[in-house]
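A.B. asks: Supplied in structure tokens, the structure appears directly below.
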Amino acid sequence: MYESYKDNDKVAVYLVYLREVHPSEQNVGDSPAQVRRRRAGPDIAQHKTLEDRVAAASECLEGLELTLPTLIDGMDNAVHTAYGVRAAAMAIIDFDGKLAFYDTKPSAVQPAKADKVIQKLLASERGREGLEKQSKPEETPVQPEAREPETP
Amino acid sequence: MRKLWIWILAAWILCGWSLGASAQDPSGGGRSDDGPGQGGRSDGSPGRGSMSERLKSFDRNGDGNLTKDELPPMMAERLLERADANRDGVIDRDELKKISAQISGRGGRFGPGPGPGGSSRGGRNSSALGVGDPAPDFELPVLVPGLDAEGNATGTITDEKVKLSSLRGKKVVCVFLSSYT
Numbered sequence: 001m002y003e004s005y006k007d008n009d010k011v012a013v014y015l016v017y018l019r020e021v022h023p024s025e026q027n028v029g030d031s032p033a034q035v036r037r038r039r040a041g042p043d044i045a046q047h048k049t050l051e052d053r054v055a056a057a058s059e060c061l062e063g064l065e066l067t068l069p070t071l072i073d074g075m076d077n078a079v080h081t082a083y084g085v086r087a088a089a090m091a092i093i094d095f096d097g098k099l100a101f102y103d104t105k106p107s108a109v110q111p112a113k114a115d116k117v118i119q120k121l122l123a124s125e126r127g128r129e130g131l132e133k134q135s136k137p138e139e140t141p142v143q144p145e146a147r148e149p150e151t152p
Numbered sequence: 153m154r155k156l157w158i159w160i161l162a163a164w165i166l167c168g169w170s171l172g173a174s175a176q177d178p179s180g181g182g183r184s185d186d187g188p189g190q191g192g193r194s195d196g197s198p199g200r201g202s203m204s205e206r207l208k209s210f211d212r213n214g215d216g217n218l219t220k221d222e223l224p225p226m227m228a229e230r231l232l233e234r235a236d237a238n239r240d241g242v243i244d245r246d247e248l249k250k251i252s253a254q255i256s257g258r259g260g261r262f263g264p265g266p267g268p269g270g271s272s273r274g275g276r277n278s279s280a281l282g283v284g285d286p287a288p289d290f291e292l293p294v295l296v297p298g299l300d301a302e303g304n305a306t307g308t309i310t311d312e313k314v315k316l317s318s319l320r321g322k323k324v325v326c327v328f329l330s331s332y333t
């Protein structure tokens, strides 16, 4: 999906890499399903430093063969908190900086759905630009006033 | 005698029904708080006392800080991850105040943002986002992927950062937020 927009100057696609949802540490009280999920997935401990997070993000990109630009959430997990992420989230921000789509379900990351939303936003922006051009009066070039030659 | 039994049975049924209703999780299967005093109200708000008081009740040695040992196991990791801003393994008074306010703002639910589905507008908590809300701004470093000498994935970050608000008016931005696990 990123590949289809990487040369589009009206669209930016990012992965924001967050803290690990299912780190490899064994936690007392976790359900058998949580332990099974952790064992089935990549073995990554919860990040203690930014370097850990960068390394994990690199491993993610390589493991999933992703090429999209990746940003790293700070160790204060500010973006994770601000966007109310549980396991994963997808947010599409329109030209006005507002959320056009927002989903925090574990299955939120759906490129096909994102594509549809983006196409709608681009179409409505094209429509808006078209209307603006129509409503602007045509500008006529200003002719300089002809000056009479000065008589001695 | 028969009438008496009918009344007793009716009262027993009513008691059982009202207990079941109050125990029902209103968020439809969301995780429940593991704190003491499980008698939370059916609307998800904390039961007796404020959230701050409930959390302080775990402070066994009374030093005003909460450590992993003092917290219930299932709560400890989540609370430390969300509240321990300086990552020293201890939730101090300021961090406790902050997390209590966040949890209270979400009606006592101990979890990030709105419930499953994520797109509903929650109470007064600013992190309960919905479609149409301004997207929370961020300025984050860009990962530069690479490989080390042994061919293992390695990456670095540079001074280059992406600020979401700088793209306003110029681009539609699609953000996937996730981790590898």
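For the protein sequence lines, the chains are A and U, in the order given.
Under our numbering, the residue at position 23 of the first sequence is numbered 23, and the numbers go up by one with no gaps.
Under our numbering, the residue at position 49 of the second sequence is numbered 201, and the numbers go up by one with no gaps.
Here a beta-carbon is modelled for each residue, glycine too, at the ideal position from N, C-alpha and C.
As the structure is a computational prediction, the values presented were derived from the model and not from experiment.
Along the chain, where does the alpha helix (DSSP H) that runs through serine 124 of chain A open and close?
C.D. replies: Start and end: 111 to 135.
A.B. asks: Kindly indicate if chain A contains any beta-carbon less than 7 Å away from that of serine 252 of chain U.
C.D. replies: No, because no Cβ of chain A sits closer than 7 Å to the Cβ of serine 252 of chain U.
A.B. asks: Who are glutamate 291 of chain U's beta bridge partners in DSSP?
C.D. replies: Answer is U:Lys315, bridged to glutamate 291 of chain U.
A.B. asks: Given serine 135 of chain A, which residues of its chain have a CB within under 7 Å of its CB, disregarding the five upstream and five downstream residues?
C.D. replies: So the list is empty, once near-sequence residues are dropped.
A.B. asks: Which first and last residues belong to the alpha helix (DSSP H) in which leucine 223 of chain U is found?
C.D. replies: That residue, leucine 223 of chain U, is in no alpha helix (DSSP H); it is neither H nor E in DSSP.
A.B. asks: Taking C-beta pairs closer than 8 Å, name the residues in chain U that glutamate 59 of chain A reaches, listed in chain order.
C.D. replies: Within 8 Å Cβ-Cβ: Ala305 and Tyr332.
A.B. asks: When you compare the CB positions of tyrosine 14 of chain A and isoleucine 72 of chain A, do they come within less than 7 Å of one another, or not?
C.D. replies: No, Cβ-Cβ distance for tyrosine 14 of chain A and isoleucine 72 of chain A is not below 7 Å.
A.B. asks: Keeping to the same chain, check which residues put their C-beta closer than 8 Å to that of alanine 295 of chain U; ignore five residues upstream and five downstream.
C.D. replies: Alanine is not the amino acid found at residue 295 of chain U; the sequence shown has leucine there. Excluding positions up to five away in sequence, the list reads Gly307, Thr308 and Ile309.
A.B. asks: Would a check of beta-carbon distances place phenylalanine 210 of chain U closer than 7 Å to chain A?
C.D. replies: By this cut-off, phenylalanine 210 of chain U is not an interface position.
A.B. asks: Verify the CB distance criterion: does leucine 131 of chain A have a CB-CB separation below 7 Å to chain U?
C.D. replies: Not one chain U Cβ lies under 7 Å of leucine 131 of chain A.
A.B. asks: Need the endpoints of the alpha helix (DSSP H) that threonine 79 of chain A sits in, please.
C.D. replies: The identity of residue 79 of chain A in the sequence shown is valine, whereas the question assumes threonine. Element bounds for valine 79 of chain A: 78 to 82.
A.B. asks: Alpha carbons only, please: which of A:Gly63, A:Tyr2, A:Lys10 and A:Lys6 is nearest the one belonging to lysine 322 of chain U?
C.D. replies: Here the closest residue by C-alpha is A:Lys10.
A.B. asks: Compare the C-beta of proline 42 of chain A with all C-beta atoms of chain U and state if any pair is closer than 7 Å.
C.D. replies: It does; some Cβ of chain U falls within 7 Å.
A.B. asks: Closer than 9 Å by beta-carbon distance: list the chain U residues that pair up with glutamate 65 of chain A, in chain order.
C.D. replies: Under the 9 Å cutoff, chain U gives no residues; its nearest Cβ is about 11 Å from glutamate 65 of chain A.
A.B. asks: Going straight from the alpha carbon of phenylalanine 210 of chain U to that of phenylalanine 101 of chain A, what length do you get?
C.D. replies: Roughly 39 Å separates the two Cα atoms.
A.B. asks: Is the CB of isoleucine 309 of chain U under 7 Å away from at least one CB in chain A?
C.D. replies: Cβ-Cβ to chain A under 7 Å: yes for isoleucine 309 of chain U.
A.B. asks: Do valine 56 of chain A and glutamate 25 of chain A have their CB atoms nearer than 7 Å?
C.D. replies: In the sequence as presented, valine is not what sits at residue 56 of chain A; that position holds alanine. Cβ atoms of alanine 56 of chain A and glutamate 25 of chain A: not closer than 7 Å.
A.B. asks: Please name the residue in A:Ser124, A:Val54, A:Pro111 and A:Lys120 whose C-alpha comes closest to that of glycine 74 of chain A.
C.D. replies: Nearest option by C-alpha distance: A:Val54.
A.B. asks: Here's the rule: buried if 16 or more other CB atoms are within 10 angstroms of the residue's CB, otherwise exposed. What is threonine 333 of chain U?
C.D. replies: When all chains shown are included, threonine 333 of chain U counts as buried.
A.B. asks: Using 10 angstroms around the beta-carbon of alanine 82 of chain A, count the other beta-carbons present and answer buried if the total reaches 16, otherwise exposed.
C.D. replies: Buried.
A.B. asks: What does tyrosine 14 of chain A pair with, by DSSP beta-bridge criteria?
C.D. replies: BP columns for tyrosine 14 of chain A point to U:Val327.
A.B. asks: So glycine 97 of chain A contacts chain U; which residues on that side make the cut at Cβ distance below 7 Å?
C.D. replies: Near glycine 97 of chain A (Cβ distances below 7 Å), the residues of chain U are Pro286, Ala287, Ser317 and Arg320.
A.B. asks: Identify whether arginine 212 of chain U lies in helix, strand or coil by the three-state DSSP scheme.
C.D. replies: Here arginine 212 of chain U sits in coil by DSSP.
A.B. asks: What does lysine 323 of chain U reach in chain A if we use C-beta pairs closer than 7 Å?
C.D. replies: Lys10, Val11 and Ala12, listed in chain order.
A.B. asks: Whose C-beta lies closer than 7 Å to the C-beta of aspartate 103 of chain A among residues of the same chain, with five residues either side of it excluded?
C.D. replies: Cβ neighbours of aspartate 103 of chain A beyond the five flanking positions: Ala89 and Met90.
A.B. asks: Confirm, please, whether the CB-CB distance from isoleucine 92 of chain A to valine 109 of chain A is below 7 Å.
C.D. replies: No.
A.B. asks: Going by alpha carbons, who is nearest to valine 21 of chain A out of A:Lys98, A:Leu61, A:Asn77 and A:Leu68?
C.D. replies: The shortest C-alpha separation from valine 21 of chain A is found at A:Asn77.
A.B. asks: Can you name, in chain order, every residue of its own chain whose Cβ lies under 8 Å from the Cβ of aspartate 236 of chain U, other than the five neighbours on each side?
C.D. replies: Within the same chain, aspartate 236 of chain U has close Cβ partners Val242, Ile243 and Glu247.
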